[in-house]
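Worksheet: one structure, shown below.
Residue numbers (UniProt numbering): 1 to 287.
Written as structure tokens, this is what we have:
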């Protein structure tokens, strides 16, 4: 019988790489995302416009219909995410930016400037998906299974992108709750988190009062990003050797899932790439 994995965020760039990798290794893959992934065995489509309760009910209902009697998942991976700008005074939207004198079309949500709207999007895409993944694990993950969330390394104040920071802080709190007794998860489930490094240099954050666009470019160019087509499009002249390849992340997650790379319960693993070399550093372990 094939091992079973849920990839929450399976329609995104990293999620799609994970779906393909697990399928290649003969896993039965369920993708949860805002659109179907044709490579997955099963798809659950959710809308970020739905409330947390509605999203959770939809996922649990479809999973219950999909699984045969007594079946459970071996692994649940949440790689759903996104990024928007916005501080407390932000209003309106930006749909195009000029990067290095080139007009670049980007995802509308990426530079959404309205504060509450951007915060709402981030909470839905980042925190809601983590909460639903945790509930799914409580009901449908095997004992000794694996639940992995995605946070941010060294998360501090994020004055230029508050919604993103609030959502990621919520994921970190959820993680700390899940690794302790009384969380409601099945016996001996391993809870882990990958933490891609994102620079939050205070010198870049000071530019928020001058220009949201300037902050956007400066922040992104100083950051170590996951190497996705969108990030390359926005930063065509950036040093891509400092971008973390999606394959590095997916191979690490697959190693955890398959057992080929040992991992302990409560592991927080920082991911950083410099000059083409990706390093994984355990920065904390919860008891």
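For each residue, glycine too, the CB sits at the ideal point set by N, CA and C.
Remember, it's a predicted structure, so these values are computed and weren't measured experimentally.
Mind checking residue i: buried by the 16 CB within 10 Å criterion, or exposed?
i: residue 35; result: exposed
i: residue 59; result: buried
i: residue 184; result: exposed
i: residue 281; result: exposed
i: residue 90; result: buried
i: residue 88; result: exposed
i: residue 239; result: exposed
i: residue 44; result: buried
i: residue 101; result: Because residue 101 sits at a pLDDT of 31, beneath the cut-off of 50, its placement in the model cannot be relied upon, and the following sentence gives the value as read from the coordinates. Per the 10 Å Cβ criterion, exposed.
i: residue 293; result: Outside the shown range of the chain, which is 1 to 287, sits residue 293, and nothing can be said about it.
i: residue 259; result: exposed
i: residue 279; result: exposed
i: residue 255; result: exposed
i: residue 182; result: exposed
i: residue 56; result: buried
i: residue 65; result: exposed
At what residues does the beta strand (DSSP E) containing residue i begin and finish?
i: residue 145; result: 141 to 150
i: residue 77; result: 73 to 78
i: residue 193; result: 190 to 196
Measure the CB-CB distance between residue i and residue j and report whether it falls below 8 Å.
i: residue 188; j: residue 133; result: no
i: residue 12; j: residue 124; result: no
i: residue 63; j: residue 136; result: yes
i: residue 190; j: residue 141; result: no
i: residue 156; j: residue 126; result: no
i: residue 193; j: residue 230; result: no
i: residue 244; j: residue 267; result: no
i: residue 41; j: residue 29; result: yes
i: residue 195; j: residue 152; result: yes
i: residue 129; j: residue 9; result: yes
i: residue 76; j: residue 6; result: yes
i: residue 26; j: residue 2; result: yes
i: residue 246; j: residue 226; result: yes
i: residue 24; j: residue 73; result: no
i: residue 186; j: residue 241; result: no
i: residue 115; j: residue 70; result: no
Please list the terminal residues of the continuous alpha helix (DSSP H) segment that includes residue i.
i: residue 271; result: Note, residue 271: premise wrong, no alpha helix (DSSP H); beta strand (DSSP E) at 267 to 274.
i: residue 120; result: 115 to 122
i: residue 62; result: 52 to 66
i: residue 21; result: 13 to 24
Return the bridge partner residues of residue i from the DSSP annotation.
i: residue 31; result: 7 and 43
i: residue 245; result: 227
i: residue 86; result: 161
i: residue 280; result: 271
I'd like to know if the segment 20 to 31 and the segment 239 to 256 are in contact, where contact means that at least 3 CB-CB pairs between them fall below 8 Å. yes
Between the segment 160 to 179 and the segment 119 to 133, do three or more beta carbon pairs fall short of 8 Å? yes
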